[in-house]
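Protein chains in written order, with this note's numbering: chain A, 1 to 341; chain B, 1 to 341. Written out below as structure tokens is the structure these notes cover.
There are 2 protein chains.
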Amino acid sequence: MSSISRGRRSPVMADVAKVAGVSHQTVSRVLNDHPNVRAETRTRVLAAIDQLGYRRNLVARALVTRHSRTLGVVSFDTTLYGPASTVYGIEQAAREAGYFVSIVSLRTIDRAGVHDALDYLAEQGVDGIVVVAPQRSAARALADLPADVPMVAVEGDHAGDVSVVSVDQVEGARLATEHLIGLGHETVWHVSGPSDWLEAEGRIAGWRGVLAAHGRAVPEILPGDWSPRSGYQAGQRLAQMEEVTAVFVANDQMALGVLRAFAEAGVEVPGRVSVVGFDDVPESEFFSPPLTTVRQDFGAVGRNSIGILLRQIEAGQDRSRERLVVPPLFKVRASTAPVRR
Amino acid sequence: MSSISRGRRSPVMADVAKVAGVSHQTVSRVLNDHPNVRAETRTRVLAAIDQLGYRRNLVARALVTRHSRTLGVVSFDTTLYGPASTVYGIEQAAREAGYFVSIVSLRTIDRAGVHDALDYLAEQGVDGIVVVAPQRSAARALADLPADVPMVAVEGDHAGDVSVVSVDQVEGARLATEHLIGLGHETVWHVSGPSDWLEAEGRIAGWRGVLAAHGRAVPEILPGDWSPRSGYQAGQRLAQMEEVTAVFVANDQMALGVLRAFAEAGVEVPGRVSVVGFDDVPESEFFSPPLTTVRQDFGAVGRNSIGILLRQIEAGQDRSRERLVVPPLFKVRASTAPVRR
DNA sequence: GTGAGGGATGTTAACGCTCACAGTCTCCTC
DNA sequence: GAGGAGACTGTGAGCGTTAACATCCCTCAC
């Protein structure tokens, strides 16, 4: 039906060849920059291509070369700043390397979902896959997968046998907590991310580690879910606790909620309580007060994951075990101050 | 090389056929749910597929069917909340309909960039394309493109001959401005988006329209670029102007910057100045004060654009001219109040 | 019992490209 | 001027699938 409605079907290599008076193979050579084509012939072919409006069919090409020049990306909720930035970095790096990017965005991450997504991409013939797997369940799902396609995980579990690129969450949390301890705070409270998330775990570990190293009490964790609302609720609780003078919040969005709850309760920041976030979203510089936070270079994560993946593809290895940890950067702004005695 | 390192190549239909003792065509029929296959045969084929770990090759399939079941998406800076949410909605809707999504994220939008991206996707053999074209330049680039692949624009120019899905920007701005006028403000100031953006233009038009309808003075526009920083700078200027009592800011991020500047200058919101934003990002409810804003249903935009695109694909029409406008929703929070006399 | 009808299956030919190989032509060397 | 080395171009096969058609076999009506 569609072939009826369209007047003529789009031209193929043979059509170009006929117009240029050469064989289809010569057209192929021109298209692929093969050196052994006479300049005059090349010109004639290019003219024919232009005249017919010919566009090569990458599907046919992929069938014979067995390379689709497409990379698959599996991610979770690309509406969030972190995943969105990472995927953006991935896409840019891939395109610069001449690859297409096919994206699957999961609403919920579970073993079955990740498995299906990976199968889906494998059927499509992607040359490699990047999985943004920030949750423990997702990271585990990678372990028992068919190993016949190159793959790299972002923010995944370093214990598996898959290459992983991630930001050093523990170090980031350490920087945040050390900063607060250094300002003279007796201890530091923590509003965490959801328990299944590796990033949340890493941040807890870094925070706990510093407190332990200084022999400080480790307060009860206030659990959040990354959303501003959950931060707000945690903030309401913290606002009522006289002993709280410093809070390390696991991401900037929740930190915003905490700041809001503090403002409503009349708790001054950083006057009475210091607050540190995580991510350095573009907004955090303009929170009230501007947020001291830990910057993650998502662009670097994306670029590096593509780098590793392409190396695997070119080496013809299906699975290797490269590790790359991107260091975080601490940004001091106005939400932290020395403890008031 | 890669074929050497991998032990055996992955099985194809013929391999499955041999194991199941049928022809490859019967395997194809089983895979495509053709009715005329004996139940017992189907079982045998499925067993063979399972045993060999066979996965069908969608590339070969696309070559013969001339349908890749892949949709292309061209977008601009998917790090921003709006584009990210739209692309997310598109991706979800596409996958539900059984389509893959191949994404091209442009760093800068210009005619050449859009053109290249579209060509790139066309070569890849996508069945249709969604262009998130919020800028005038991008929208114009769509006009002179080869019309041999179904296409729909999101937030594009309604004047072209391409289908468009968008949120009613003018109406959203009208709601915001009417709200402020209704609170007794003599006039409303405006911090705009970058001039090339259609959304920025629509919001200006809506704002200006309401002021004109009420016979109010139209103040000079303070230009922004969507970033919190540009909002902050505009806010610094506004804070020094005694006559300002109401500001309509073209997006929530800039509104955050305005709020910050006001807070620093000691300008009370909504006590002395009322502020309205646009987008309703998840954070805006927790700004200080919580922001009155205009919600855009990006998910609906994404879903609808896929709906229109699939209808075009199935109808075999390359270009049609459907229009769809998604209504905005006004959210009153705490950043606006009656004017103080 | 026979032929029609249709369900179940097989056979063959594309789809549009690249790869491997086989040519042809030109130019240079001895 | 014969031989060989490149440079350039053409021919044929095949990638893994689906579409079209052919074939076989069973059932049922007369």
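Where a beta carbon is used, it is the ideal one built from N, C-alpha and C, also for glycine.
So, are the CB atoms of threonine 78 of chain A and phenylalanine 298 of chain A less than 7 Å apart?
no
Given a cut-off of 7 Å on the beta-carbon distance, is the pair leucine 259 of chain B and phenylalanine 287 of chain B in contact?
yes
Measure the CB-CB distance between glutamine 236 of chain A and alanine 261 of chain A and report whether it falls below 7 Å.
yes
Collapsed DSSP secondary structure at isoleucine 129 of chain A in the structure displayed:
Here isoleucine 129 of chain A sits in strand by DSSP.
Look at the alpha carbon of valine 19 of chain B and the alpha carbon of tyrosine 54 of chain B, and state the distance between them as a whole number of angstroms.
11 Å
Take the Cβ of serine 163 of chain A as the centre, count every other Cβ of all protein chains shown within 10 Å, and call the residue buried at 16 or more, exposed below.
Here serine 163 of chain A is buried: its Cβ has 16 or more other Cβ atoms, across all protein chains shown, within 10 Å.
Can you give me the start and stop residues for the alpha helix (DSSP H) that histidine 179 of chain A sits inside?
169 to 182
Can you look up isoleucine 343 of chain A in the DSSP assignment and give me helix, strand or coil?
No information on residue 343 of chain A is available, as it lies outside the stretch 1 to 341 that chain A covers here.
Span of the beta strand (DSSP E) around methionine 151 of chain A
151 to 154
Does tyrosine 54 of chain A have its Cβ less than 7 Å from a Cβ in chain B?
no
With DSSP run on the structure shown, which of helix, strand or coil describes threonine 41 of chain B?
helix
According to DSSP, is glycine 72 of chain A helix, strand or coil?
strand
Does the stretch 222 to 237 of chain A touch the stretch 159 to 176 of chain A, meaning 3 or more C-beta pairs lie closer than 8 Å?
Output reads no: the stretch 222 to 237 of chain A does not touch the stretch 159 to 176 of chain A.
Rounded to the nearest angstrom, what separates glutamate 186 of chain B and alanine 139 of chain B at their Cα positions?
Taking the straight line joining both Cα atoms gives about 36 Å.
Going along chain B in order, which residues have a C-beta closer than 7 Å to the C-beta of phenylalanine 100 of chain A?
The answer, in chain order, is Ser102 and Gln124.
Mind checking if alanine 84 of chain B is an interface residue toward chain A, Cβ cutoff 7 Å exclusive?
It does: the Cβ of alanine 84 of chain B has a partner Cβ on chain A nearer than 7 Å.
Three or more C-beta pairs under 8 Å: does that hold for the stretch 293 to 307 of chain B against the stretch 325 to 334 of chain B?
Yes, the stretch 293 to 307 of chain B is in contact with the stretch 325 to 334 of chain B.
Run through the stretch 78 to 149 of chain A for me and flag every whole alpha helix (DSSP H) of 4 or more residues, listed as ranges in chain order.
81 to 96, 111 to 124 and 136 to 143
How close, in whole Å, do the beta carbons of glycine 125 of chain A and serine 68 of chain A come, if the pair is a contact with beta carbons under 8 Å?
That belief holds up - the Cβ atoms of glycine 125 of chain A and serine 68 of chain A are roughly 5 Å apart, short of 8 Å.
Alanine 62 of chain B: contacting residues in chain A (beta-carbon distance under 8 Å)
Val59
Helix, strand or coil at histidine 343 of chain A according to DSSP, with G and I counted as helix
This structure cannot speak to residue 343 of chain A, because chain A is shown only from 1 to 341.
Is the distance from the Cβ of isoleucine 313 of chain B to the Cβ of glycine 193 of chain B below 7 Å?
no
For arginine 260 of chain A, decide whether its Cβ has a neighbour in chain B, counting only Cβ atoms nearer than 7 Å.
yes
Which of helix, strand or coil does DSSP assign to alanine 217 of chain B?
coil
Is phenylalanine 76 of chain A near the ligand GDP, in the sense that its beta carbon is under 6 Å from a heavy atom of that ligand?
With respect to the ligand GDP, the structure shown offers nothing to examine, as it has no ligands at all.
Determine, for methionine 1 of chain B, whether the minimum Cβ-Cβ distance to residues of chain A falls below 7 Å.
Legend: pLDDT at methionine 1 of chain B = 28, less than 50; position of this residue unreliable, value from coordinates given subsequently. Answer yes: the Cβ-Cβ gap between methionine 1 of chain B and chain A drops below 7 Å somewhere.
The stretch 36 to 49 of chain A contacting the stretch 96 to 110 of chain A, beta-carbon criterion three pairs below 8 Å
Result no; under three Cβ-Cβ pairs closer than 8 Å.
DSSP puts valine 343 of chain A in a beta bridge; with which residues?
As displayed, chain A neither begins before 1 nor continues past 341, which places residue 343 of chain A out of reach and without an answer.
To which residues of the same chain is aspartate 196 of chain B closer than 8 Å at the C-beta, ignoring the five residues directly before and after it?
Gln135, Arg136 and Ser137
Own chain, CB closer than 7 Å to leucine 180 of chain B, minus 5 neighbours either side, in chain order:
Excluding residues within five positions, the ones whose Cβ falls inside 7 Å are Val188, Ala246, Phe248, Ser274, Val276 and Thr336.
Nearest to arginine 203 of chain A by CA position, among A:Gly113, A:His214, A:Val191 and A:Ala213, is which residue?
Nearest C-alpha to arginine 203 of chain A: A:Val191.
List the residues of chain A whose Cβ lies closer than 8 Å to the Cβ of proline 228 of chain B, in chain order.
Correct list: Pro282, Glu283, Glu285 and Phe286.
Does DSSP classify tryptophan 207 of chain A as helix, strand or coil?
helix
I want to verify the contact list: residues of chain A whose CB lies under 7 Å from the CB of leucine 345 of chain B, in sequence order.
Any answer about residue 345 of chain B is impossible in this case: the structure gives chain B only from 1 up to 341.
Residues in the stretch 237 to 250 of chain A having any Cβ partner in chain B nearer than 7 Å
none
For glycine 271 of chain A, the nearest candidate out of A:Val339, A:Ser28 and A:Ile109 (CA to CA):
A:Val339
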